[in-house]
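Comments concern the structure below.
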Ligand code: NAP
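In our numbering, the protein residues as written are 4 to 317.
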């Protein structure tokens, strides 16, 4: 039995790759309100999970599944989400919600029409220091923001060829996490002013990006994304207030430092927060589908200058 004596919500997974195994499976199992019934994936068969080759086979064997988390690459998310919604089940979308804004909006419309709950998840918004950062930012005028999101694609995304294919978003795949934090901590809309997109000659998506943005209030935001970072890996947002105070949100949102003093340094628990939120949405018959981080990436692709970068070989 889950909390309040209710039966746990029965969940199925589609796409049993890295994020499903690292985060979804343990987070569902760690939540008394949820029960992981089964998963499906063309090839991968994680130990201890009843797995099927596709959604139809999974739902035929387990019609009791009430909600489905889609953990595939983004390029096939819309087609899968459409099929899930047609069955009347609630949907949890991994980030980014789809390969394009049009597809994301279409999923939202379908979910509304069918009356199912939709969570377009942004796991970084659930990092432990994000809410304290949002509060700090809301209490003072801001002078500037700088984002450094620099990681080694060979270390973190081995074998994930889809990242450099059309719709894979390249370095924006991790970079969009910083934009999900940015759009959570700022009230104003963020506009892209300039973007340099370095695209390897054998790829369809950028491996490095330098981007300048601005808010309606007029302060500058600079973002530097690098998928070729070796050595120290950086997932940081630096914020300076008009009065010269300095806030650093680092390690993807788990650590917070203000004027050199560490105020938060916690373990990452993003997916347990996300699943608790998903459960809550379903209980309240609500959805959470904010596409503003995807819109910034789309704007960067609309406005950006494409610069040929050396061939990328994994
Ligand atoms: P991944 O390791 O490549 O896993 C993707 C999985 O999707 C693969 O296991 C693949 O199955 C499965 N798949 C492909 N086509 C399918 C289909 N038609 N039906 C069902 N399953 C299908 O990628 P990932 O790192 O888990 O990333 C998946 C999503 O999670 C991406 O949107 C990514 O941005 C997001 N995410 C990733 C991370 C991370 O650290 N990796 C963190 C947060 C969010 P087979 O293996 O069976 O062929």
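In this text, a Cβ means the ideal position worked out from N, Cα and C, and glycines have one as well.
Provide the residue(s) that pair with residue i in DSSP beta bridges, ordered along the chain.
i           : result
residue 265 : 260
residue 238 : 152
residue 94  : 71 and 121
residue 225 : 149 and 215
residue 38  : 13
residue 50  : Answer is none; residue 50 lacks a bridge partner.
residue 106 : For residue 106, which the question treats as bridged, DSSP gives no partner whatsoever.
residue 244 : 145
residue 231 : 155
residue 55  : 43
Just curious, the alpha helix (DSSP H) that residue i is in, first and last residue?
i           : result
residue 282 : 273-287
residue 220 : It is not in any alpha helix (DSSP H) - residue 220 carries neither H nor E in the DSSP assignment.
residue 14  : Note, residue 14: premise wrong, no alpha helix (DSSP H); beta strand (DSSP E) at 12-17.
residue 62  : 58-64
residue 44  : No alpha helix (DSSP H) holds residue 44; DSSP gives it neither H nor E.
residue 29  : 28-32
Using C-beta distances below 6 Å, list every residue in its chain close to residue i, excluding the 5 sequence neighbours before and after it, in chain order.
i           : result
residue 14  : 31, 37, 39 and 70
residue 276 : 129
residue 179 : 99, 296 and 300
residue 181 : 150 and 152
residue 200 : 209, 212, 307 and 309
residue 34  : 278
Tell me whether residue i counts as near ligand 1, meaning its Cβ is closer than 6 Å to at least one heavy atom of that ligand.
i           : result
residue 21  : yes
residue 324 : Residue 324 cannot be examined here, being either before or after the span of the chain that is shown, 4 to 317.
residue 44  : yes
residue 47  : yes
residue 51  : no
residue 75  : yes
residue 176 : yes
residue 97  : yes
residue 163 : yes
residue 18  : yes
residue 79  : yes
Ends of the beta strand (DSSP E) at residue i?
i           : result
residue 293 : No beta strand (DSSP E) holds residue 293; DSSP gives it neither H nor E.
residue 253 : 249-253
residue 308 : 308-312
residue 79  : First-last for residue 79: undefined, no H or E at that position.
Can you list, in chain order, the residues of its chain whose CB lies under 7 Å from that of residue i, leaving out five sequence neighbours each side?
i           : result
residue 251 : 239, 241 and 260
residue 1   : The shown model of the chain, from 4 to 317, leaves out residue 1, and the question about it has no answer.
Starting from the C-beta of residue i, find all residues in its chain whose C-beta is less than 8 Å away, skip the five residues before and the five after it, and write them out in chain order.
i           : result
residue 157 : 317
residue 257 : 130, 131, 132, 267, 268, 269, 270 and 271
Can you tell me whether residue i sits near ligand 3, meaning its C-beta is under 6 Å from at least one heavy atom of the ligand?
i          : result
residue 15 : This structure lacks ligand 3; the ligands present are ligand 1.
Verify the CB distance criterion: does residue i have a CB-CB separation below 7 Å to chain B?
i           : result
residue 214 : Among the protein chains of the structure shown there is no chain B, as only one such chain exists.
*Identify every run of the alpha helix (DSSP H) within the segment 142-210, keeping only runs that are complete inside it and at least 4 residues long; order them along the chain.*
With a minimum length of 4 residues, the continuous alpha helix (DSSP H) runs that stay inside the segment 142-210 are 156-159 and 175-188.
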